[in-house]
Amino acid sequence: MTKPGSMILKVCRLILVTFIGLLAFSGITLAQNKKRVEIVHCDEMNYNERIVANAQRLLGNVNITVDGAIMWCDSLYNYTNNTVDAFGNVHIVRGDTLNMYADFINYSGNTKLAKARRNVKLIDKQVTLTTDSLDYSMINDIASYNYSGTVKDSTNILTSLIGLYYVNERKAYFRTNVDGLTKDYKIKSDTLIYFTNTQKVYIEGPTHIFNEKDTLYAEYGWYDSMKNLANLTKKPSIWNEKQKVKADSIFYDKEKGEGLALGNAHLQDIENSIIVEGNRIEYNDISKVALATDSAVLIMYSEQDTLFLHAEILRTIPDTTTIRKPVKAKTPANLKAPQKAVGDSVAAIAPEIAVTEPPVLSSDSLATIKPALADTTLIADSTIVEKPKDPRLVLAYRKVRFFRNDLQGKCDSLVYWSKDSTIQLYTDPVIWSNKNQLTAKFIEMINRSKDPDEVNMKDDAFIISMEDDSLRFNQIKGKNMTGFIRKNELYRINVNGNGQSNYYARDKDGIIGLNKAESSNIVISLNKGKVQKITFIKSPEGELKPMANIDDGDKILPGFKWLEDIRPKSKKDIFRFPAVDGSSAPVVKPIPELSK
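Residue numbers for the sequence shown follow our numbering, so the first one is 530 and each next one is one higher.
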């Protein structure tokens, strides 16, 4: 039988425990009011300090609101220190568009920071961010991750090791091991910023944007994946298997195929072995046209040597011609393209050629002018240039100057044909090679092999060759000329019409006199720059003047101009524009050293 006192004691203890529980619950409820945590629903709610101290436990279909956000989960602990831990199928809704999912979320009402872990997904309209660890600030609506995350919208996917997502600005920041995938390109970067509303990618570090055909690189700039536009402003370059572009800045419109490279621009045509440089290059991938201005340079490179050419304007276009025609611009109205010689033979000079005896000269000159012999020397070179699949024309306009170690030149306009490496020079052209100077109204250099092997000179053709003593000049003049080159040396000259020549004759002791001869057509054979044989065709006239009988009028042919002063001396010297004067007497002026 229970004693009355014992019964009273048990009842008192029960009342005390219940009272303490009510005090604890009421304390949490008061704290909830302060913390603005509102319990909307749960299947079960209890408090058990043996499980978690100072926390209210909610179980089953939990639904609360906190700091303007709505949360659902399987279970939740509501702590007295103004934090909650949500477990299982956690879902937070903030505003009209933001949804966050995770296996677990810790939220602090003091810092307004939600820490989501495991299978985290943040959805903002059409943007989805996935990761295993995400922190979300309710103060400024910024989500961040440090252990790899992915942002995906309707067209693009971007991943990185570290990232931030600014909800209000629709901006995603990616850093370290950034990978991206758009409808047209893949992206690899160090640092990127992506605006989801405009689908614009801002480059903040070393970045490659590429597909199977093209690669873009830059360390600063932007790429619009919606419009396929790119503006690259730090160390930019664009390349594929056929060409490469680099500059201080590059703007590129893929849909139109248009590109604009500014500042130290460099456009390389890999197949045709040419490079175009300038401070401004416009190019189009569809029409395959490029235009370079502002310090424009054309570089034609090969295993043997490299030619550097400058003009005020350089333009490259596809070569779709089947018959070569001279450029009309900058070409005199009465000037037609020269006809190529059929071959390297005497018969190529004119159909009415008949070999004649040399003119009667003084007895000591016979050794220097020999009768014509059959010439069977034909151009033969095993290093024939392989024709490019997509040949191009390069058009150079105004103040054209070029330099190669063994060849220099100038003119007002020029055309280069990559199909056979032919170069055509218009308006006051001059070519220098070693001690030789070639001038005419039109000059064409034909390159059947890797180096020039034929030079056609049309109208007022004039070749001047300096003697070793630099005081005398051998000269050939005619209406038209064709020069043949082998191993970078001029070995034969065909003069066609109004031929005149001044050549210093030599014997073993040195110069013995000046050969002066005229003939309608002349064939001159040379060896290492020295005359070996002269063949006069049709009414030759000539004489050998001993050195003592030579006066100043004999030394030069009419129209003589020695233009060494304007000759480019280096690849830097192609930017020099000296006045075209030319000495009318065989006096060599010293060339001042160019500043380096």
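Glycine included, each C-beta is placed from N, C-alpha and C at the ideal position. Predicted model, so just to flag it, every value in this text is computed and none were measured.
CB of residue i within 8 Å of CB of residue j, strictly
{"i": "aspartate 782", "j": "glycine 807", "result": "no"}
{"i": "alanine 478", "j": "isoleucine 634", "result": "No answer is possible for residue 478: the residues shown for the chain start at 530 and end at 1125."}
{"i": "histidine 839", "j": "alanine 825", "result": "yes"}
{"i": "lysine 715", "j": "valine 707", "result": "no"}
{"i": "threonine 657", "j": "serine 677", "result": "no"}
{"i": "glycine 788", "j": "serine 778", "result": "no"}
{"i": "glutamate 748", "j": "lysine 764", "result": "yes"}
{"i": "glutamine 953", "j": "valine 944", "result": "yes"}
{"i": "isoleucine 1045", "j": "glutamate 1072", "result": "Checking the sequence shown, residue 1045 turns out to be lysine, not isoleucine. Yes, these two residues count as a Cβ contact at 8 Å."}
{"i": "alanine 631", "j": "asparagine 607", "result": "no"}
{"i": "tryptophan 1091", "j": "glutamine 1004", "result": "no"}
{"i": "histidine 737", "j": "tyrosine 746", "result": "yes"}
Range covered by the alpha helix (DSSP H) that runs through residue i
{"i": "aspartate 1081", "result": "1081-1084"}
Counted within 10 angstroms of its Cβ, other Cβ atoms place residue i as buried (16 or more) or exposed
{"i": "phenylalanine 1002", "result": "buried"}
{"i": "arginine 927", "result": "exposed"}
{"i": "proline 1097", "result": "buried"}
{"i": "methionine 974", "result": "buried"}
{"i": "glutamate 698", "result": "exposed"}
{"i": "alanine 1108", "result": "exposed"}
{"i": "methionine 755", "result": "exposed"}
{"i": "arginine 1021", "result": "buried"}
{"i": "methionine 1076", "result": "exposed"}
{"i": "valine 923", "result": "buried"}
{"i": "asparagine 1023", "result": "buried"}
{"i": "tyrosine 674", "result": "buried"}
{"i": "tyrosine 830", "result": "exposed"}
{"i": "aspartate 1036", "result": "exposed"}
Same chain, Cβ closer than 8 Å to residue i, five either side skipped, listed in chain order
{"i": "glycine 1026", "result": "Gly1007, Lys1008, Asn1009, Ser1049 and Asn1050"}
{"i": "serine 604", "result": "Arg586, Leu587, Leu588, Gly589, Val591, Ala615, Phe616 and Gly617"}
{"i": "proline 655", "result": "Correcting the residue type first, residue 655 is glutamine in the shown sequence and not proline. Here the set comprises Asp682, Ser683 and Thr725."}
{"i": "isoleucine 1103", "result": "Val826, Phe837, Leu838, His839, Arg930, Phe931, Phe932 and Pro1097"}
{"i": "asparagine 583", "result": "Tyr608, Thr609 and Asn610"}
Boundaries (first-last residue) of the beta strand (DSSP E) holding residue i
{"i": "asparagine 1023", "result": "1018-1036"}
{"i": "threonine 968", "result": "965-968"}
{"i": "glutamine 728", "result": "No beta strand (DSSP E) contains glutamine 728, which DSSP labels as neither H nor E."}
{"i": "cysteine 602", "result": "598-608"}
{"i": "glycine 678", "result": "678-681"}
{"i": "proline 847", "result": "842-847"}
{"i": "arginine 704", "result": "700-710"}
{"i": "glutamate 1072", "result": "1070-1075"}
{"i": "asparagine 1044", "result": "1039-1056"}
{"i": "glutamate 800", "result": "Per DSSP, glutamate 800 belongs to no beta strand (DSSP E) and is neither H nor E."}
{"i": "glutamate 748", "result": "Where glutamate 748 is concerned, there is no enclosing beta strand (DSSP E), given that its DSSP letter is neither H nor E."}
{"i": "serine 950", "result": "Note, serine 950: premise wrong, no beta strand (DSSP E); not H, not E."}
{"i": "aspartate 1102", "result": "Segment: none, aspartate 1102 is in no beta strand (DSSP E) and carries neither H nor E."}
{"i": "tryptophan 961", "result": "959-962"}
{"i": "tyrosine 636", "result": "627-637"}
{"i": "glutamate 573", "result": "573-575"}
{"i": "arginine 1096", "result": "No beta strand (DSSP E) contains arginine 1096, which DSSP labels as neither H nor E."}
{"i": "serine 673", "result": "671-674"}
{"i": "valine 818", "result": "818-822"}
Contact set for residue i: own chain, Cβ-Cβ below 7 Å, skip 5 residues either direction
{"i": "asparagine 760", "result": "Gly750, Trp751 and Phe780"}
{"i": "glutamine 1061", "result": "Ser1054 and Leu1055"}
{"i": "aspartate 596", "result": "Arg565, Gly638, Lys641 and Met667"}
{"i": "aspartate 919", "result": "Glu800 and Pro847"}
{"i": "lysine 742", "result": "Asn769"}
{"i": "threonine 626", "result": "Asp653 and Lys654"}
Nonlocal neighbours in the same chain, by C-beta distance under 6 Å from residue i, ignoring five residues either side
{"i": "asparagine 575", "result": "Arg586"}
{"i": "asparagine 628", "result": "Val622 and Ile652"}
{"i": "tryptophan 601", "result": "Asn592 and His620"}
{"i": "alanine 643", "result": "Ile634, Tyr636 and Tyr665"}
{"i": "tyrosine 695", "result": "Ile671"}
{"i": "isoleucine 1041", "result": "Ala1034"}
{"i": "leucine 690", "result": "Ser677, Thr705 and Asn706"}
{"i": "lysine 773", "result": "Gln797"}
{"i": "aspartate 719", "result": "Gly734 and Pro735"}
{"i": "aspartate 814", "result": "Gly786"}
Integer-rounded CB distance, given that residue j should sit under 8 Å from residue i
{"i": "lysine 712", "j": "isoleucine 668", "result": "Actually they do not touch by this definition, with Cβ atoms about 36 Å apart."}
{"i": "phenylalanine 991", "j": "threonine 956", "result": "Incorrect: roughly 16 Å between the Cβ atoms, too far for contact."}
{"i": "aspartate 988", "j": "phenylalanine 971", "result": "6 Å"}
{"i": "serine 962", "j": "aspartate 935", "result": "6 Å"}
{"i": "alanine 701", "j": "leucine 687", "result": "7 Å"}
{"i": "alanine 819", "j": "threonine 850", "result": "Their Cβ separation, rounded to whole angstroms, is 18 Å, which puts alanine 819 and threonine 850 out of contact at 8 Å."}
{"i": "isoleucine 473", "j": "isoleucine 828", "result": "An answer regarding residue 473 cannot be provided, because it is not within the stretch 530 to 1125 covered by the chain."}
{"i": "lysine 771", "j": "histidine 795", "result": "Actually they do not touch by this definition, with Cβ atoms about 15 Å apart."}
Chain D contact for residue i (CB, 8 Å cutoff)
{"i": "lysine 715", "result": "Of the protein chains in the structure, only one exists, and it is not chain D."}
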